[in-house]
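Engineer:
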Amino acid sequence: YHVTYSVTDSDENTTTKEITVTVTSNDAPTITATDKTLKRGDTFDALAEVSAADKEDGDLTSDIQVIANDVNPDQEGTYSVTYSVTDSDNNTTTKQINVTVTSNELPVITATDHTIKKGSNFDPMSEVSATDKEDGDLTNAIKITANNVNTNKEGIYQITYSVTDSDDNTTTKDVTVIVTSNEKPAIQAEDQTIKKGTKFDPIADVTATDQEDGDLTKTIEVIRNTVDTTKEGTYQVSYEVIDSDGNIAYKTITVTVTSNEKPTIAAENQVITVGDKFDPQQLATSTDQEDGDLTKQIEVIINTVDTSQPGTYKVVYRVTDSDNNTVEKTITVTVLPKATEITPPSATPEITPVVPAKTPTITPVEHITSIITPDTTPIITQTSPELPTTGDQSTKTPILLGGALISLAYFLFRRKK
Numbered sequence: 006y007h008v009t010y011s012v013t014d015s016d017e018n019t020t021t022k023e024i025t026v027t028v029t030s031n032d033a034p035t036i037t038a039t040d041k042t043l044k045r046g047d048t049f050d051a052l053a054e055v056s057a058a059d060k061e062d063g064d065l066t067s068d069i070q071v072i073a074n075d076v077n078p079d080q081e082g083t084y085s086v087t088y089s090v091t092d093s094d095n096n097t098t099t100k101q102i103n104v105t106v107t108s109n110e111l112p113v114i115t116a117t118d119h120t121i122k123k124g125s126n127f128d129p130m131s132e133v134s135a136t137d138k139e140d141g142d143l144t145n146a147i148k149i150t151a152n153n154v155n156t157n158k159e160g161i162y163q164i165t166y167s168v169t170d171s172d173d174n175t176t177t178k179d180v181t182v183i184v185t186s187n188e189k190p191a192i193q194a195e196d197q198t199i200k201k202g203t204k205f206d207p208i209a210d211v212t213a214t215d216q217e218d219g220d221l222t223k224t225i226e227v228i229r230n231t232v233d234t235t236k237e238g239t240y241q242v243s244y245e246v247i248d249s250d251g252n253i254a255y256k257t258i259t260v261t262v263t264s265n266e267k268p269t270i271a272a273e274n275q276v277i278t279v280g281d282k283f284d285p286q287q288l289a290t291s292t293d294q295e296d297g298d299l300t301k302q303i304e305v306i307i308n309t310v311d312t313s314q315p316g317t318y319k320v321v322y323r324v325t326d327s328d329n330n331t332v333e334k335t336i337t338v339t340v341l342p343k344a345t346e347i348t349p350p351s352a353t354p355e356i357t358p359v360v361p362a363k364t365p366t367i368t369p370v371e372h373i374t375s376i377i378t379p380d381t382t383p384i385i386t387q388t389s390p391e392l393p394t395t396g397d398q399s400t401k402t403p404i405l406l407g408g409a410l411i412s413l414a415y416f417l418f419r420r421k422k
């Protein structure tokens with residue numbers, strides 16, 4: 006605006022003067038500062054890239070003051086900084102910004118080991134990626150620093166990948182590549198022997214594996230099964246399995262159906278003498294068509310033998326095979342008295358022929374000479390041509406002879422045993 010002044014003196018001299026008055030707005034100054042992100046451990050200057058200006062005073066950057074600052078660059082987190090500036094009209098402006106301290110993390114490479122078939126195509130960058138917490142996707146920045154894979158030869162190879170983020174943090178990763186032959190799967194199944202009448206599951210205990218596909222047991226198919234468990238005989242079961250490469254494996258096993266026969270016990274009747282040792286367990290053996298020798302499984306369930314008394318006794322054996330078939334066998338044991346317990350005849354008869362009489366009219370009769378022991382009676386010789394009368398000594402001879410024969414038979418029996 007303009008103001009004009011005028012003044013006149015006594016001589017009527019007049020002077021005028023005009024001045025300019027400028028009326029301005031009372032604007033506050035401005036501060037320019039933005040939020041910041043820095044890595045943990047970086048140096049932080051709160052006034053860097055911060056400025057201030059005033060419409061009347063112009064640049065006030067040098068007058069900026071930091072009135073609050075809790076930033077710790079060594080600890081991850083979000084902090085604040087507050088700035089203040091005052092112009093010549095005492096107009097004051099404040100501004101707050103956020104400062105985020107992040108970890109100085111390495112980028113991450115995602116890549117897995119591979120197993121491939123010999124002669125197949127292989128792209129080392131397939132399914133490989135990289136990311137960084139600050140930079141994001143770094144897949145395009147991945148470099149292959151080592152690769153010795155030869156797909157035409159079986160073996161174990163290695164590939165090394167590398168990537169660097171904007172903070173020059175570098176990450177490397179090694180992966181293994183296995184080149185395998187195009188082998189067929191394998192079926193594991195064994196020949197079996199089962200009892201007639203039992204249930205038969207052709208898949209039980211049968212497995213299949215493949216070098217590439219792993220366990221293929223669930224894909225096994227029974228392509229032949231002639232087993233008839235109601236009839237003894239030898240049968241066949243055939244299996245088939247196919248891997249992911251179309252390789253087919255076959256296997257055939259033999260299944261033998263046997264009769265469910267009982268075991269047998271071998272034991273004979275025994276004759277022993279009073280006082281002899283007697284162990285019934287040593288007298289029996291047992292066999293089974295399936296289990297073989299079962300002698301150790303034999304049980305003595307009855308044993309009445311008393312070796313101190315003559316008599317006839319009983320022993321009963323029992324055995325059970327693995328199919329719970331049980332058999333029993335009974336034998337008799339005869340206990341005889343000792344030889345010393347048999348009373349021998351009081352005298353051993355001695356037969357002496359008698360010379361026949363010369364008189365033709367008299368029938369010759371044997372003269373028996375008996376020796377009586379231990380009696381001291383002298384030997385008596387009968388010469389009478391007449392037949393002995395009842396009660397005579399010669400009537401005792403057949404009795405003595407019978408006793409002697411019985412004793413002789415017993416001793417021969419003992420000697421043979």
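Residue 88 in our numbering sits at position 83 of the sequence shown, and the numbers go up by one each step. No residue lacks a Cβ here, since even glycine has one placed at the ideal position from N, Cα and C.
(1) If the criterion is Cβ atoms closer than 8 Å, does the pair residue 324 and residue 336 meet it?
(2) Measure the C-alpha to C-alpha separation of residue 70 and residue 41 and round it to an integer number of angstroms.
(3) Which residues does DSSP list as the beta-bridge partners of residue 270?
(4) For residue 37 and residue 52, I'd like the C-alpha separation in whole angstroms.
(5) Determine the DSSP secondary structure at residue 344, reduced to helix, strand or coil.
(6) Can you list, in chain order, the stretches of the alpha helix (DSSP H) that have 4 or more residues and sit fully within the region 127-167?
(7) Express the C-alpha separation of residue 330 and residue 276 in angstroms, rounding to a whole number.
(8) Just to confirm before moving on: does the CB-CB distance between residue 125 and residue 103 stay below 8 Å?
(9) Within a Cβ cutoff of 6 Å, which residues of the same chain sit near residue 59, ignoring the five residues on either side of it in sequence?
(10) If contact is defined by three or more beta carbon pairs under 8 Å, each pair taking one atom from either stretch, is the region 200-207 in contact with the region 169-185?
(11) At a cut-off of 7 Å, would you count residue 22 as near the ligand PLP, judging by its Cβ distance to the nearest heavy atom?
(12) On the three-state DSSP scale, how would you describe residue 68?
(13) Could you tell me whether the Cβ atoms of residue 237 and residue 262 are closer together than 8 Å?
(14) Pull up the distance between the alpha-carbon of residue 168 and that of residue 139, whole angstroms please.
(15) Closest to residue 266 by C-alpha separation, out of 318, 13, 332, would be which residue?
(16) So for residue 410, helix, strand or coil by DSSP?
(17) What are the boundary residues of the beta strand (DSSP E) that residue 310 is part of?
(18) Tell me which residues share the same chain as residue 137 and place their Cβ nearer than 6 Å to its Cβ, disregarding the 5 neighbours each side in the sequence.
(19) Check residue 223 in the structure and name its three-state DSSP category.
(20) Go ahead and pull the three-state DSSP assignment for residue 331.
(21) Could you tell me if residue 385 is buried or exposed, where buried requires 16 or more neighbouring beta carbons within 10 angstroms of its beta carbon?
(22) With which residues is residue 74 paired in a DSSP beta bridge?
(23) Would you list the one or two residues that DSSP bridges to residue 325?
(24) Mark residue 291 as exposed unless 16 or more other C-beta atoms lie within 10 angstroms of its C-beta, in which case mark it buried.
(25) Using CA coordinates, which residue listed in 12, 282, 25, 13 is at the minimum distance from residue 6?
Structural biologist: The answer reads as follows:
(1) no
(2) 18 Å
(3) 291
(4) 11 Å
(5) helix
(6) none
(7) 31 Å
(8) no
(9) 34, 65, 92
(10) no
(11) Among the ligands in the structure shown, none appear at all, so the ligand PLP cannot be discussed.
(12) helix
(13) yes
(14) 14 Å
(15) 332
(16) helix
(17) Where residue 310 is concerned, there is no enclosing beta strand (DSSP E), given that its DSSP letter is neither H nor E.
(18) 112, 143, 170
(19) helix
(20) strand
(21) Any answer about residue 385 is weak, because its pLDDT of 39 lies below 50 and its placement is not dependable; what the coordinates show is given next. Burial call: exposed.
(22) 86
(23) 331
(24) buried
(25) 25
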